[in-house]
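Trainee: Numbered per the UniProt record's numbering, the sequence shown spans residues 1 to 103. Just so you know, even glycine gets a beta-carbon here, dropped at the ideal spot from N, CA and C. The structure follows.
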Amino acid sequence: MIFSGSLITVKENKLSDVTEFLKNYPQVEIYTSSEDKQNIVVAIEAESDEELEELSNTLNSNENIINIAHHYFHFEEEVKEIEKGNKRNISLKGFGKKNKKQL
Numbered sequence: 001m002i003f004s005g006s007l008i009t010v011k012e013n014k015l016s017d018v019t020e021f022l023k024n025y026p027q028v029e030i031y032t033s034s035e036d037k038q039n040i041v042v043a044i045e046a047e048s049d050e051e052l053e054e055l056s057n058t059l060n061s062n063e064n065i066i067n068i069a070h071h072y073f074h075f076e077e078e079v080k081e082i083e084k085g086n087k088r089n090i091s092l093k094g095f096g097k098k099n100k101k102q103l
């Protein structure tokens, strides 16, 4: 399970439209918006980095969303599995890496 704290930048005067759009995605929890009504602070929950990337691409397809920036990640369950010796293939391609890394 991966939890991401993210910032969604929206087009001018489209905050309420994007907020309503995001309510269709139970994996996205809306926390607040900026005073200038250009950014929405959200938490996103996904089963894997691939699922997070797929959801981000789906959300980005909304014409009123300019950008989704993931600012922090929490993936404690994955770390616990690695510590137990259960090696995982973790794809980092959605996070700016070009190759998969075997841990």
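Where Glu78 and Glu45 are concerned, what is the direct C-alpha to C-alpha distance, given to the nearest angstrom?
Mentor: Taking the straight line joining both Cα atoms gives about 14 Å.
Trainee: With the cut-off set at 8 Å, would you say Asn39 and Thr9 are in Cβ contact?
Mentor: Contact flag set, yes.
Trainee: How would you call Ser61, buried or exposed, if buried means at least 16 neighbouring beta carbons within 10 angstroms?
Mentor: The residue is exposed, with fewer than 16 neighbouring Cβ atoms inside 10 Å.
Trainee: Express the C-alpha separation of Leu22 and Glu63 in angstroms, rounding to a whole number.
Mentor: Taking the straight line from one Cα to the other gives about 13 Å.
Trainee: So the alpha helix (DSSP H) Phe21 belongs to, where does it begin and stop?
Mentor: First-last of the alpha helix (DSSP H) with Phe21: 15-22.
Trainee: Tell me, to the nearest whole angstrom, how far the beta carbon of Val42 is from that of Val28; I am working on the premise that it is less than 8 Å.
Mentor: So it is a contact: roughly 5 Å between Cβ atoms.
Trainee: Based on the DSSP secondary-structure assignment, which residues constitute the bridge partners of Phe3?
Mentor: Its beta-bridge partners are Glu45, His74.
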